[in-house]
Amino acid sequence: MSERATFELDGVEVPFDDGQTVLQAALSAGRYIPHLCYHPEFTPHGSCKVCTARVDGRTVATCTTPARPGMRVESETEEMNGLRRTLVQMLFAEGNHFCPSCEASGNCVLQALGYDLGVMTAGFRHMFPVRPVDASHPDILLDFNRCVLCELCVRASREVDGKGVFALSGRGIDKHLIVNSESGELGDTDIAVTDKAVEVCPVGAILRKGLGFAVPIGSRRYDRRPISAQALDDAPRPREGGHD
Amino acid sequence: MDRARKDAAPPDPAVKAALERRGRDPGQLVQILRELQEWHGWLPPAALAEVARELGITLARVRGVAGFYAFLAREPQGLYRVLFADNVTDRMQGSQALMAEFCRSLWVEPGKVSEDGLVSVATTSCTGLCDQGPGLLVNGRAIPRAGRERLVQVRELILDRRPIEGWPEDLFAIEDNVRRRHALLGSGLRPGEAVKAALERAAAIETERAASDRSWREGVPQDAEGPLVMLREIERSGLRGRGGAGFTTAAKWSACRAAPDGTRYVICNADEGEPGTFKDRVLLASHADLLLDGMTIAAYCVGAREGLIYLRGEYRYLLEPLEATLERRRRAGLLGRNLLGRRGFDFDVSIHLGAGSYVCGEESALLESLEGRRGIPRNRPPYPVTHGYLGKPTVVNNVETLCAAALIAVHGGDWYRSIGTAKSAGTKILSVAGDVARPGLYEYPFGVTVREVLEEAGAECTLAVQVSGPSGTCIDASEFGRRIAFEDLPTAGAFTVFDDSRDMFEVARNYAHFFAHESCGFCTPCRVGTSMLVGILDKIHRGRGSLHELEEMSRLNPVLQASAHCGLGHTACNPVLDTLKRFRPAYERRLTSLRFAPDFDLDAALAEARRMTGRDDPGAHFEGEA
């Protein structure tokens with residue numbers, strides 16, 4: 000290995016390239032930091048805060064914190080995992096997440112994080128918001144009940160699909176996903192079932208119609224491997240090459 | 000596709016006018032929407048669609064921005080939109096009962112539009128009229144002292160359908176209430192005097208003048224001695240930001256000056272939203288020239304040619320007077336090109352209005368708003384000093400900080416440093432309100448004790464003081480010897496006084512509602528946490544609280560402290576923590592159980608069935624209720 004700058008993650012040296020954030024460098028070095036709204040193909044924006052770790056004494060979102068030589072990152076601590084557990088509980092309490100009846104069960108990042116972080120109880124009183132379902136599109140179902148406001152579909156539609164189908168409106172606890180049509184319905188947008196925005200949803204908010212339970216529960220992505228292992232497979236690994 | 004058909008709708012003249020005024024610039028989206036709101040009283044869907052089409056941006060983006068700001072209404076409002084300020088000081092002046100009475104008298108439900116479409120009534124966050132509350136906004140215009148008498152008058156004017164332009168002027172007369180002047184409020188400087196002084200500081204060095212003239216037009220007067228001389232004076236003064244965080248002003252200006260990019264901006268943060276603060280209202284109303292002198296000096300130091308004032312929407316009534324001041328200064332050669340005859344010294348200022356969002360007082364959220372987006376704080380680094388407005392190096396300073404810079408230009412850094420304490424140079428203007436005989440502005444050298452302020456303002460039987468608003472610190476009588484200074488009690492200016500008749504639990508609950516209402520919703524901990532905090536406090540308020548709730552609150556706090564995206568989330572639990580620590584009985588006397596009490600009251604839920612069946616015998620009640 001040539002002279003790459005490094006920082007310390009839980010006592011282990013992690014090399015990084017210029018412009019990488021702490022999370023990006025960790026993942027490409029094969030080190031897992033729990034995360035939700037981060038996706039290797041998109042600019043990190045740091046809203047879910049699940050990837051928070053202690054960096055040189057301060058707690059910050061590692062997905063947006065630029066890696067600097069010599070920094071000391073504490074991630075796999077009970078304190079940080081406790082914090083992440085609470086954040087995941089908050090997301091569960093905020094929306095309407097009923098895993099047993101959700102088509103995304105087993106493929107869902109929120110659920111997988113819950114299992115991996117050891118979320119055993121709801122922790123907070125559920126808010127049970129009233130959110131309608133948008134079934135106006137022939138091929139795509141939009142279930143706002145399961146939206147975790149990660150903005151991945153917003154970013155994907157804008158940056159990859161070049162469409163801007165999704166955006167956020169409202170603020171605070173009323174913040175919500177909206178779609179780009181006068182009627183406000185997905186069926187009136189130019190979204191296509193092949194769009195990146197459809198594929199990228201980490202939960203069961205954007206689903207393809209007509210594919211229900213094509214893969215049986217028990218054989219799905221995070222049924223087979225915990226997210227902490229799966230996420231490393233998904234991360235770009237410039238040096239060693241990825242698993243295919 | 001489906002749009003082409005709907006294009007048949009006639010174009011909206013208000014949309015056309017707003018777009019023309021704003022140069023069809025998507026970056027001006029907040030201003031365009033705000034002007035449409037003023038014209039229509041709300042934002043009709045057709046107008047939003049037209050704005051999106053004309054600006055070439057998605058309708059979803061337009062709706063997203065419209066949905067972020069509290070003053071932008073996406074539902075029809077009454078011909079008269081009446082907003083009652085809901086700060087704790089307004090409540091102390093009876094705003095809740097007054098609003099209920101006002102609604103009854105007009106047959107309108109809070110949050111709704113009256114059947115005849117005449118009036119809609121709702122609450123809004125602190126309007127900066129705490130010294131002359133309760134505060135009211137009617138169609139965006141501020142009315143102070145909105146007590147019973149005034150509200151009767153307002154009601155009559157509404158029922159008469161009198162256009163608001165024709166309402167008696169005295170309704171809108173807002174007092175300065177300056178109770179104590181020191182260096183800043185008593186400066187007595189003439190317009191431009193401080194800018195002139197700043198230029199003259201280096202006049203002795205003749206050689207630098209040519210260098211300054213030459214380099215200015217090229218963007219950064221790196222080699223100019225004049226700006227550096229002034230900057231050194233700011234450094235010597237020890238001036239720190241007055242918005243609360245207390246960052247060293249000279250360091251901020253130097254970093255901006257040193258940033259490589261050529262175009263720079265000076266932005267005045269006049270989005271004074273911290274509940275209980277109203278000092279900027281007075282500085283903008285009566286000391287605007289001092290502020291503009293300060294902005295011009297900042298521009299001189301960093302090499303900026305453009306300045307912006309981000310004026311909070313609640314101070315909409317200050318827009319015209321400020322525009323008039325800008326115009327007067329342009330005529331006097333104090334804004335525009337070649338200021339004070341100095342060739343190449345160009346600087347002008349424009350004003351942007353906010354539209355009801357506290358978080359836009361955070362400097363990077365403010366920049367987002369200025370650029371026509373939802374007011375979400377940015378990720379940092381990079382910082383605004385290198386990547387600010389439109390990605391250019393930008394200085395964002397509080398109104399009071401810029402005014403202080405003007406004083407330093409005239410009197411020098413050593414003079415300024417001689418006022419105040421070792422770590423807190425100069426004076427601080429306090430916005431004193433609540434249970435005091437003489438509410439208003441008090442300017443003290445840093446280091447003044449809370450007790451001295453209380454005495455001068457005529458406070459009696461004081462139970463607590465909220466220093467620097469809900470994001471600051473709540474202290475009790477044992478701490479009144481503490482000092483207003485960065486090294487003890489730092490403050491952005493709010494000084495809200497509660498006497499022993501007040502219930503500190505309700506104070507904290509009001510503040511918690513404020514934070515939940517103003518959370519931008521970007522990050523999980525703040526979006527969900529502030530809302531949960533409200534849920535817990537409301538449950539205790541309903542008499543269904545237990546120790547479980549107190550524990551739950553103490554669980555939320557570290558999560559917000561550790562992981563929230565910005566200061567709003569970091570400080571959102573402060574009012575509850577401070578009052579729990581100092582006034583715990585105010586919480587405990589409300590608890591019904593030491594373990595857990597469900598929020599759902601089965602017996603109360605049976606009330607409707609009892610009414611329907613006309614029963615009230617023991618058998619119609621749930622006996623198991625504790």
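Chains B and V, in that order, give the protein sequences. Heads up: the first sequence begins at 0 in numbering that gives the first Met the number 0, then just goes up one per residue. Heads up: the second sequence begins at 0 in numbering that gives the first Met the number 0, then just goes up one per residue. By construction, the Cβ of each residue, glycine as well, lies at the ideal position given by its N, Cα and C atoms. No experiment lies behind these values; they were computed from the predicted model shown.
Bridge-paired residues (DSSP) for residue i
i       : result
G306(V) : V265(V) and V348(V)
D475(V) : A463(V)
P43(B)  : P43(B) is not bridged to any residue.
E442(V) : I428(V)
T578(V) : Paired residue(s): none; T578(V) is not in a bridge.
I142(V) : L135(V)
E7(B)   : E12(B) and R71(B)
L140(B) : L206(B)
T51(B)  : A60(B)
Under the three-state DSSP convention, the category residue i falls into
i       : result
Q27(V)  : helix
Y382(V) : coil
S592(V) : strand
E73(B)  : strand
S124(V) : coil
T64(B)  : coil
L206(B) : strand
V192(B) : coil
I172(B) : helix
I32(B)  : coil
S356(V) : coil
G186(B) : helix
V59(B)  : strand
I226(B) : helix
S104(B) : coil
A182(V) : coil
Residue of the options minimising C-alpha distance to residue i
i       : options                               : result
P343(V) : I375(V), R379(V), Y299(V) and G446(V) : Here residue 343(V) turns out to be Gly, not Pro, going by the sequence shown. For G343(V), the nearest C-alpha among the options comes from Y299(V).
V29(V)  : L369(V), S124(V) and N268(V)          : L369(V)
D499(V) : R554(V), D434(V), E451(V) and Y441(V) : D434(V)
I233(V) : V301(V), L559(V), A364(V) and D89(V)  : V301(V)
P190(V) : G544(V), A493(V), A331(V) and G457(V) : A331(V)
R219(B) : F143(B), E40(B), C101(B) and D187(B)  : C101(B)
C102(V) : S113(V), A72(V) and W41(V)            : S113(V)
G638(V) : D537(V), Q76(V), T262(V) and C565(V)  : The displayed coordinates of chain V run from 0 to 625. Any statement about residue 638(V) would go beyond what the structure contains.
D232(B) : L26(B), G81(B), R57(B) and H96(B)     : L26(B)
V452(V) : G468(V), F479(V) and S467(V)          : F479(V)
C149(B) : T193(B), P201(B) and S180(B)          : P201(B)
T297(B) : L140(B), R207(B) and M79(B)           : No answer is possible for residue 297(B): it lies beyond the span of chain B, which begins at 0 and ends at 243.
T495(V) : F514(V), R554(V), E224(V) and G457(V) : G457(V)
Opening and closing residue of the alpha helix (DSSP H) in which residue i lies
i       : result
F504(V) : M503 to E517
K427(V) : Careful: K427(V) lies outside any alpha helix (DSSP H), inside the beta strand (DSSP E) at T426 to G433.
S363(V) : E362 to L369
H547(V) : L546 to S562
I627(V) : Shown here, chain V extends from 0 to 625; a query on residue 627(V) therefore has no answer.
S104(V) : S94 to L105
T88(V)  : V87 to M91
Y415(V) : G412 to R416
L321(V) : L318 to R330
Limits of the beta strand (DSSP E) - the one that residue i falls within
i       : result
N397(V) : T393 to N397
H569(V) : Premise fails: H569(V) lies in the alpha helix (DSSP H), G566 to T570, not in any beta strand (DSSP E).
V11(B)  : V11 to F15
A493(V) : A493 to D498
Y79(V)  : Y79 to A84
Stretch-stretch touch, CB-based, cutoff 8 Å, three pairs: the stretch 512 to 528 of chain V with the stretch 371 to 378 of chain V: yes
Check whether the stretch 561 to 577 of chain V and the stretch 468 to 479 of chain V are in contact - that is, three or more C-beta pairs closer than 8 Å. yes
Using 8 Å as the cut-off, can you tell me whether the stretch 77 to 93 of chain V makes contact with the stretch 145 to 164 of chain V, which would need three or more C-beta pairs spanning the two stretches below that distance? yes
Closer than 8 Å is the cut-off here; do at least three beta carbon pairs connect the stretch 172 to 189 of chain B with the stretch 129 to 141 of chain B? yes
Three Cβ pairs or more, each shorter than 8 Å: is that satisfied between the stretch 227 to 241 of chain V and the stretch 402 to 417 of chain V? yes
Any chance the stretch 301 to 315 of chain V sits against the stretch 268 to 284 of chain V, with 3 or more Cβ pairs inside 8 Å? yes
Determine contact between the stretch 236 to 250 of chain V and the stretch 319 to 333 of chain V, defined as no fewer than three beta-carbon pairs at a distance below 8 Å. no
Can we say the stretch 33 to 40 of chain B touches the stretch 2 to 9 of chain B, given the rule of at least three CB pairs closer than 8 Å? no
Is the stretch 55 to 71 of chain V touching the stretch 165 to 180 of chain B in the sense that three or more CB pairs, one from each, lie closer than 8 Å? yes
Report yes or no: do three or more beta-carbon pairs, one from the stretch 536 to 548 of chain V and one from the stretch 68 to 85 of chain B, lie closer than 8 Å? no
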